[in-house]
Structures are given as structure tokens and as C-alpha cells.
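Chemist: Supplied in C-alpha cells, the structure appears directly below.
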Amino acid sequence: MEKFIVKTTALSKRYNDQPVVKDVSMTIPKGKIYGLLGRNGAGKTTIMKILLGLASASSGEVRLFGQAPDKYPEVYSRIGNIIETPSFYPYLSGPENLSVFSKLKGQVQKNSVAKALELVDLSHAEHKRFANYSLGMKQRLGIANALMNDPELLILDEPTNGLDPIGIVEIRKLLKELTEIKGKTILISSHQLSEIEQIADIIGILHEGELLEECDMNQIAQHNQRFISITVSDSHQATRLLEENLQLTNYQVDESGTIKIFDFTYEPQEINLLFGKSGIEVSSLFIGSGNLEEHFREITGGVGIA
Ligand SMILES: Nc1ncnc2c1ncn2[C@@H]1O[C@H](COP(=O)(O)OP(=O)(O)OP(=O)(O)O)[C@@H](O)[C@H]1O
Ligand SMILES: [Mg+2]
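Going by my numbering, the sequence shown opens with residue 240, and the numbers climb by one from there.
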């Protein structure tokens with residue numbers, strides 16, 4: 240089985256000589272929800288279109304299920320998608336809409352409409368016209384449409400747009416079930432940090448066409464944690480002492496040599512004392528707390544995400 244479902248290498252796209260996707264190398268492991276986060280115009284939809292073969296890259300490589308889609312176009316049949324706002328026929332019901340679209344796509348699998356509707360919990364609204372759906376129902380019908388034919392990879396462009404917090408939690412639950420129970424892999428985009436934070440396992444931050452950071456939520460959780468920040472004369476010796484004398488391993492050292500300890504077993508004073516006894520000079524010591532928004536603001540050069 241392939242480890243990575245999607246892998247791009249130095250993917251770039253220009254529109255009229257304007258670069259809109261720049262050297263993007265992203266990796267989506269199997270069974271994960273990858274959230275592509277970026278402001279309007281960052282290039283999210285463009286990347287998704289390239290992955291789906293709906294737009295061509297100017298340079299770079301795409302691998303889907305370990306294969307080059309230009310040589311093996313059959314890989315596209317393993318992907319379901321919502322790109323931008325899906326349009327459905329307002330006077331048709333959910334099942335009627337899904338049947339029409341699956342016929343258009345040449346899919347004639349029995350029961351697939353019913354199965355997809357059941358997965359997104361829309362079976363009860365069988366006779367309701369699309370025009371009378373709530374926004375959340377519309378989004379879920381979009382996901383049902385993407386799920387037709389049971390694809391292994393879902394590419395969902397802003398599926399939580401306009402949803403209220405409860406709607407977002409519901410979509411998260413649905414997407415989690417699809418990955419954890421059904422083993423599907425999901426790429427989703429959003430311009431809202433607070434939304435993507437609730438849904439994704441891995442976040443890719445796209446800013447003006449560049450993928451600035453790709454990090455998993457466990458790492459990100461650390462940015463939101465409280466920590467003891469200590470700046471010392473010798474960070475190598477200091478971290479050795481932390482590990483050997485205090486058995487503290489949950490720490491990070493940044494480029495300037497400042498140590499952040501995410502473990503509050505010991506009071507900052509105790510750590511200060513230990514360093515003092517060992518001849519390590521402490522020039523700064525405080526309790527800090529990270530903030531994800533601030534982190535993103537920093538890496539996007541001050542503009543932030545949402
Ligand atoms: N067909 C096109 N022709 C020319 N420029 C385009 C085309 N499609 C997109 N662009 C430009 O590429 C850039 C990235 O657009 P894209 O739609 O990928 O951004 P996005 O991150 O999806 O934004 P949004 O959050 O608004 O959906 C924008 O500057 C856009 O104007
Ligand atoms: Mg878009």
C-alpha cells in the first residue's frame with residue numbers, strides 16, 4: 240500500500256505570467272485529513288484543480304497513489320471532489336441530484352446514491368428539494384456527491400464555508416469517520432484558521448502561492464501550550480541537565496538558544512536553581528504561552544490568516 244496518497248514536488252503554476260502557485264511540495268499520508276489553509280487568492284483552489292487534472296501545472300510533479308496521473312489517468316477515478324461551490328438543481332431532491340450527476344459521470348452503481356446519502360446523514364430528507372435545504376444540508380449533499388463511487392481520496396474545497404460552529408463540528412465528525420473508519424484520505428481547504436484547526440490532522444499553510452509550513456496538529460498543539468522559557472549561556476549543557484537530573488524531555492530549543500519547557504513538573508525557580516548550581520547563567524526566565532494565530536501571523540510576515 241502507498242504511504243502517501245498525494246505528493247507534489249516543486250509544483251508551480253502561472254496565470255498570464257503571474258505566479259500563483261510557487262514551488263509547492265506537499266505530502267498527504269493515507270488516512271489523514273490535510274487542511275490547506277490560506278487567505279483568499281492564496282492558490283488553494285488552483286492546487287486542488289491541478290491535483291484533479293482540471294488545470295495544468297506550469298512545472299513540478301504530482302503523484303497520486305504513488306503514480307504520475309498524466310501517465311495513469313485512471314487514478315482520477317479514485318478521487319471524489321468538491322471544487323468551489325458545487326451547483327445542484329434547485330427543483331430536484333438530494334437523491335435526484337446525485338443520480339443526475341452520477342449518470343453524467345458515467346457511474347451507474349446500484350445503491351450508491353442511498354449509501355452516499357446515508358453517510359452524510361441526509362437519508363431522512365429524501366423528498367426535500369435542494370432549494371429548501373439549509374446551508375449545512377447543501378454542504379453535506381456536496382460531500383455525498385463527492386463520495387459517490389466510494390473514492391479513496393476526497394478533495395474538498397472549502398466545504399465548511401458559511402457553516403455555523405455546530406455545522407463545522409458535524410462536518411468534522413463526518414470527515415473523521417471517513418478517515419478513521421473507512422480509511423479515506425481527505426484534502427480540505429479553508430481560509431479560516433479556527434475551522435481548519437478543528438478538522439485537520441495536518442495543516443499546510445499557503446501564503447501567496449507558497450507553502451510556508453506543513454505541520455501536524457500535535458506539533459501545533461504545542462504552539463498553544465504554556466511553557467517555561469529560559470535563556471541561558473549554554474543551552475547544550477542546560478538541556479543535558481534537564482534530561483539527566485530532572486528527566487524532562489518535552490522541550491524545544493529555538494534558533495537563538497532559548498529553551499521552552501512544556502512540562503510543569505518543576506517550578507521555574509527549581510530549574511533556575513539547578514542551572515545556577517551548575518554554573519549556567521540564566522539571562523531570562525518567564526512563563527509564556529503560545530498562540531496559534533500569532534504563530535501564523537509571524538510566519539506569514541505579519542498578515543495572519545483569518
Ligand atoms: N483561470 C484563471 N486565470 C487567471 N488567474 C487565475 C485563474 N484562476 C485563479 N487565478 C488567480 O490565481 C490566484 C489564486 O487563486 P485561487 O482561486 O487558487 O485562490 P484560493 O486560495 O482558492 O482563493 P479563495 O479563498 O478566494 O477561494 C488568484 O490571484 C487568482 O486571481
Ligand atoms: Mg478557492
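Glycine residues also receive a C-beta, built at the ideal position from the N, C-alpha and C atoms. Because the structure is a prediction, the values reported are computed rather than measured.
For the alpha helix (DSSP H) that contains N514, what are its first and last residues?
Modeler: The question names Asn, but residue 514 is Phe in the sequence shown. Looking at the DSSP string, the run of the alpha helix (DSSP H) that includes F514 is P507 to K516.
Chemist: Comparing alpha-carbon positions, which option in N320, N400, T497 and E434 lies nearest I526?
Modeler: T497
Chemist: Pull up the distance between the alpha-carbon of L432 and that of G401, whole angstroms please.
Modeler: One C-alpha to the other measures close to 14 Å.
Chemist: Would you say the beta carbon of K283 is closer than 8 Å to some non-hydrogen atom of ligand 1?
Modeler: yes
Chemist: Would you mind sorting R465 into buried or exposed? The rule is 16 or more other CB atoms within 10 Å of its CB.
Modeler: By the 10 Å Cβ count, R465 comes out exposed.
Chemist: Determine the extent of the alpha helix (DSSP H) in which E537 is found, giving its start and end residues.
Modeler: L531 to I538
Chemist: Please classify R379: does DSSP put it in a helix, a strand, or coil?
Modeler: helix
Chemist: Is the number of C-beta pairs between the stretch 385-402 and the stretch 316-334 that are closer than 8 Å three or more?
Modeler: Yes, the stretch 385-402 touches the stretch 316-334.
Chemist: Using a 10 Å radius around the Cβ and a threshold of 16 neighbouring Cβ atoms, would you call Q348 buried or exposed?
Modeler: exposed
Chemist: Could you check whether the Cβ of E397 sits closer than 8 Å to any heavy atom belonging to ligand 2?
Modeler: yes
Chemist: Taking its Cβ as the centre, do 16 or more other Cβ atoms sit within 10 Å of V339, making it buried, or is it exposed?
Modeler: Answer is exposed; the Cβ neighbour count stays below 16.
Chemist: Evaluate the contact criterion for the stretch 436-452 versus the stretch 404-412: three or more CB pairs, one atom per stretch, below 8 Å.
Modeler: Contact between the stretch 436-452 and the stretch 404-412 is present, because at least three Cβ pairs lie under 8 Å.
Chemist: What beta strand (DSSP E) runs, 3 residues minimum, are completely inside the stretch 251-332?
Modeler: 257-263, 266-268, 272-276, 298-303 and 318-321
Chemist: Buried or exposed: L386, going by 16 or more other Cβ atoms within 10 Å of its Cβ?
Modeler: Per the 10 Å Cβ criterion, buried.
Chemist: Name the two residues that bound the continuous alpha helix (DSSP H) containing L392.
Modeler: Where L392 is concerned, there is no enclosing alpha helix (DSSP H), although the beta strand (DSSP E) it sits in stretches over L392 to L395.
Chemist: Hey, is Y254 close to ligand 1, as in C-beta under 8 Å from one of its heavy atoms?
Modeler: yes
Chemist: Who are the Cβ neighbours of G515 in its own chain at under 8 Å, not counting the five residues just before and after it?
Modeler: V521
Chemist: Could you tell me if the beta carbon of E323 falls within a distance shorter than 8 Å of some heavy atom in ligand 2?
Modeler: yes
Chemist: Run through DSSP, which three-state label would S373 get?
Modeler: coil
Chemist: So for S495, helix, strand or coil by DSSP?
Modeler: coil
Chemist: By the three-class DSSP mapping on this structure, what secondary structure does G345 have?
Modeler: coil
Chemist: Should H366 be labelled buried (16 or more other beta-carbon atoms within 10 Å of its own) or exposed?
Modeler: exposed
Chemist: Can you say whether D396 is buried or exposed, counting buried as having 16 or more other CB atoms within 10 angstroms of its CB?
Modeler: buried
Chemist: So, with DSSP's three-state summary, where would you put S362?
Modeler: helix
Chemist: Are V301 and K242 closer than 9 Å when you measure CB to CB?
Modeler: no
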